[in-house]
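K.L.:
Residue numbers (my numbering): 30 to 623.
Note that CB positions come from ideal geometry on N, CA and C, so glycine has one too.
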């Protein structure tokens, strides 16, 4: 029990706090050291983030799509357009005698509906409209309808009086006359009106599979499983691939499917065909999704199954066959299956037929603007990185501004804390050997020659990129934009090699390759010091130092608890002694007074 100044009149609590404040001075230094280590770790990781971004950007410069980008100018974009890959050869190409490729089409031989005044509704099930379509009305012995037996699993009827079965298009004659719901039998009737006559009954809509009962069931009631017969139809569409190989695509639909659903199934299948129904003409048209002639000896699409041949009236002999695109390029007559194709590194899209002597010119040039932007982005990122590293390693440390403790922060405003910590964070990476080494290597490589490159382009200075003469800028790059654009326009391949060449020796590697290696090695070195988000403290040096400081803090805090308890014990003993002395004095005083 702690006694605070009852006998002495002193503020014991404040006295202990003041004594402990002096005792805590070494602990505050531990906390400040921990904060400094954490700041240093974060500063290193920020450097690694910048280095990683620069490394990735350097990798982009080694790709042919960066500095080797090319563009195609077209004399008439209404006839054809083109794009070029980095492998496209410089030059001009003349296109003439263009005939566009077309896709095979086939239109049904006649109208689908039997009655022109009462046409098929493509949004309603085919089974429910079978009397409107020739070939669907005759069910028995039909080549279209296929009768299937289906096992309906048990269905919950809790708080319901109806349920839709898994299959529609039901054979009415073979459907069960009795259904069982939770051990109670219900008898089939012929109409919904008959359900109102009372008794345990049900009505089944054979078109949709909807079953309605004469009563609403309670929680837990269940329609027991049973089997019944229903109708479906199937067919197959055969098309041909680029090698002329036939490929059949079988499709099957439940009788409750609508014509729109059948068309959607065809269009999304692997047949490579688009079907379209026109309600005005009551006809359907099939079109190959790919242009070109894939079956020289016959039709592009063949149809198997009575639904296609009898109901939709599709006849392969009525097909308008697809044709290949034909054209002349630089005097060479050739053809392609599609109107979009790749040739000599260009992707060409034909858009219209030429008339008479009409022609179009395609000219492949270097994409100087894109290459220039890539180089400038690289230079700007390099300058930003160099400036940041130089600033960090040369930054002076403010030793008069140690990290603030929590108690000190409470005594300051937020703005004051921000300004203090800004000074306290300075110099965290001062004279760091890893960063200085990276800086020196970066600067040195920027002056080096790349062997295996045309001597007119084998050094940055020769394409208009030099280093600043102001030593305070730490070797930042200066770009002569006119000279750089001239180099990119005159010989983009050699400029690309200057940056991206991947030779067997260091001297034959391009600048971007070299800088990427330096950045990668620096990142790895920093990670041994400061780790990354995937490493635990035990796996890098600053982390192990943090663990040691944390242990020291824990040990010292345990020691402070003992010291504080000792102080309170001493003051408590003093208070008790003073209290006893006061009691004795009062006793003697009372004796004298009596």
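Go through its chain and collect everything with a Cβ distance to residue 592's Cβ below 8 Å, but skip five positions before and after it.
P.N.:
Same-chain partners within the cutoff: 49 and 52.
K.L.:
Would you mind sorting residue 249 into buried or exposed? The rule is 16 or more other CB atoms within 10 Å of its CB.
P.N.:
By the neighbour-count rule (16 or more Cβ atoms within 10 Å), residue 249 is not buried but exposed.
K.L.:
If you draw a straight line from the alpha carbon of residue 578 to that of residue 69, how long is it in whole angstroms?
P.N.:
Going by the C-alpha atoms only, they are around 14 Å apart.
K.L.:
Put residue 214 into one of helix, strand or coil per three-state DSSP.
P.N.:
DSSP places residue 214 in strand when its eight states are reduced to three.
K.L.:
Tell me which residues share the same chain as residue 576 and place their Cβ nearer than 8 Å to its Cβ, disregarding the 5 neighbours each side in the sequence.
P.N.:
Excluding sequence neighbours, residue 576 sits near 566 and 567.
K.L.:
Tell me the DSSP secondary structure of residue 500 in three-state form.
P.N.:
If DSSP states are grouped into helix, strand and coil, residue 500 belongs with the helices.
K.L.:
Assuming residue 331 is part of the beta strand (DSSP E), what are its boundary residues?
P.N.:
Residue 331 -> beta strand (DSSP E) spans 331–333.
K.L.:
Looking at C-alpha atoms only, which residue of 122, 92 and 488 is the closest neighbour of residue 105?
P.N.:
Comparing Cα positions, the closest option is 122.
K.L.:
Buried or exposed for residue 626, going by 16 or more other Cβ atoms inside 10 Å?
P.N.:
Residue numbering for the chain in the displayed model covers 30 to 623; residue 626 lies beyond these limits and cannot be assessed.
K.L.:
Which runs of the alpha helix (DSSP H) at least 4 residues long sit entirely within the stretch 41–122? Give them in chain order.
P.N.:
Runs found: 41–52, 54–90 and 93–96.
K.L.:
Considering only C-alpha positions, which residue in the set 462, 351, 199 and 500 is nearest to residue 168?
P.N.:
Nearest of 462, 351, 199 and 500 to residue 168, Cα basis: 199.
K.L.:
Would the beta-carbon of residue 314 fall within 7 Å of that of residue 141?
P.N.:
Taking 7 Å as the Cβ cut-off, residue 314 and residue 141 do not qualify as a contacting pair.
K.L.:
Please give the ranges of any alpha helix (DSSP H) in the stretch 531–559, keeping only runs that are unbroken, at least 4 residues long and fully inside the region.
P.N.:
DSSP runs (the alpha helix (DSSP H)) wholly in the stretch 531–559: 540–559.
K.L.:
Measure the C-alpha to C-alpha separation of residue 356 and residue 125 and round it to an integer number of angstroms.
P.N.:
Residue 356 and residue 125: Cα-Cα distance of roughly 6 Å.
K.L.:
Provide the residue span of the alpha helix (DSSP H) that contains residue 618, from first to last.
P.N.:
Looking at the DSSP string, the run of the alpha helix (DSSP H) that includes residue 618 is 570–622.
K.L.:
Counting C-beta neighbours from all protein chains within 10 Å, is the total for residue 269 16 or more, i.e. buried, or is it exposed?
P.N.:
That one is buried.
K.L.:
Are the CB atoms of residue 154 and residue 287 within a distance shorter than 7 Å?
P.N.:
Yes, the Cβ-Cβ distance between residue 287 and residue 154 is below 7 Å.
K.L.:
Within 8 Å, do at least three Cβ pairs link the stretch 96–110 to the stretch 380–387?
P.N.:
Touching, yes, given that three or more Cβ pairs across the two stretches are closer than 8 Å.
K.L.:
Work out the CA separation of residue 367 and residue 290 for me, nearest whole Å.
P.N.:
Spanning the two alpha carbons is a distance of roughly 29 Å.
K.L.:
Quick check on the DSSP output: what are the complete alpha helix (DSSP H) runs of length 4 or more inside the stretch 400–458, in order along the chain?
P.N.:
Complete alpha helix (DSSP H) runs here, min 4: 435–439 and 443–453.
K.L.:
Buried or exposed for residue 563, please, with buried defined as at least 16 other CB atoms from any protein chain shown within 10 angstroms of its CB.
P.N.:
When all chains shown are included, residue 563 counts as exposed.
K.L.:
Does the separation of the CB atoms of residue 259 and residue 179 fall below 7 Å?
P.N.:
Yes, the pair counts as a contact, with Cβ atoms nearer than the cut-off.
K.L.:
Tell whether a beta-carbon distance below 7 Å holds between residue 529 and residue 415.
P.N.:
No.
K.L.:
For residue 99, count neighbouring Cβ atoms within 10 angstroms of its own Cβ and tell me buried if that reaches 16, exposed if not.
P.N.:
Answer is buried; the Cβ neighbour count reaches 16.
K.L.:
Determine the contact status of residue 130 and residue 317, defining contact as a CB-CB distance below 7 Å.
P.N.:
Cβ distance not < 7 Å, so residue 130 and residue 317 don't count as in contact.
K.L.:
Taking buried to mean at least 16 other C-beta atoms within 10 Å of its own C-beta, is residue 279 buried or exposed?
P.N.:
Residue 279 should be labelled exposed.
K.L.:
Just the C-alpha distance for residue 262 and residue 254, rounded to the nearest angstrom, thanks.
P.N.:
The alpha-carbon atoms of residue 262 and residue 254 are separated by roughly 25 Å.
K.L.:
If contact is defined by three or more beta carbon pairs under 8 Å, each pair taking one atom from either stretch, is the stretch 492–502 in contact with the stretch 447–454?
P.N.:
Counting Cβ pairs under 8 Å, fewer than three are found: no touch.
K.L.:
Using C-beta distances below 8 Å, list every residue in its chain close to residue 216, excluding the 5 sequence neighbours before and after it, in chain order.
P.N.:
Hits under 8 Å: 206, 207, 228, 229, 230 and 231.
K.L.:
Out of 103, 102, 114 and 84, which has the shortest C-alpha to C-alpha gap to residue 96?
P.N.:
Measuring from the Cα of residue 96, the nearest candidate turns out to be 114.
K.L.:
Which stretch, first to last residue, makes up the beta strand (DSSP E) that contains residue 279?
P.N.:
275–283 is the extent of the beta strand (DSSP E) around residue 279.
K.L.:
Which residue from 620, 431, 615 and 601 puts its Cα closest to that of residue 40?
P.N.:
Of the candidates 620, 431, 615 and 601, the one whose C-alpha sits nearest the C-alpha of residue 40 is 601.
K.L.:
Ignoring anything shorter than 3 residues, give me the beta strand (DSSP E) runs that lie fully in the stretch 321–356, in order along the chain.
P.N.:
The stretch 321–356 contains these whole beta strand (DSSP E) runs: 331–333.
K.L.:
Across which residues does DSSP place residue 175 in a beta bridge pair?
P.N.:
261, per the DSSP bridge assignment.
K.L.:
Using only the alpha-carbon positions, how far apart do residue 234 and residue 222 sit?
P.N.:
Those two C-alpha atoms are separated by around 13 Å.
K.L.:
Could you tell me whether the stretch 402–421 touches the stretch 500–520, where touching means 3 or more Cβ pairs closer than 8 Å?
P.N.:
Counting Cβ pairs under 8 Å, three or more are found: they touch.
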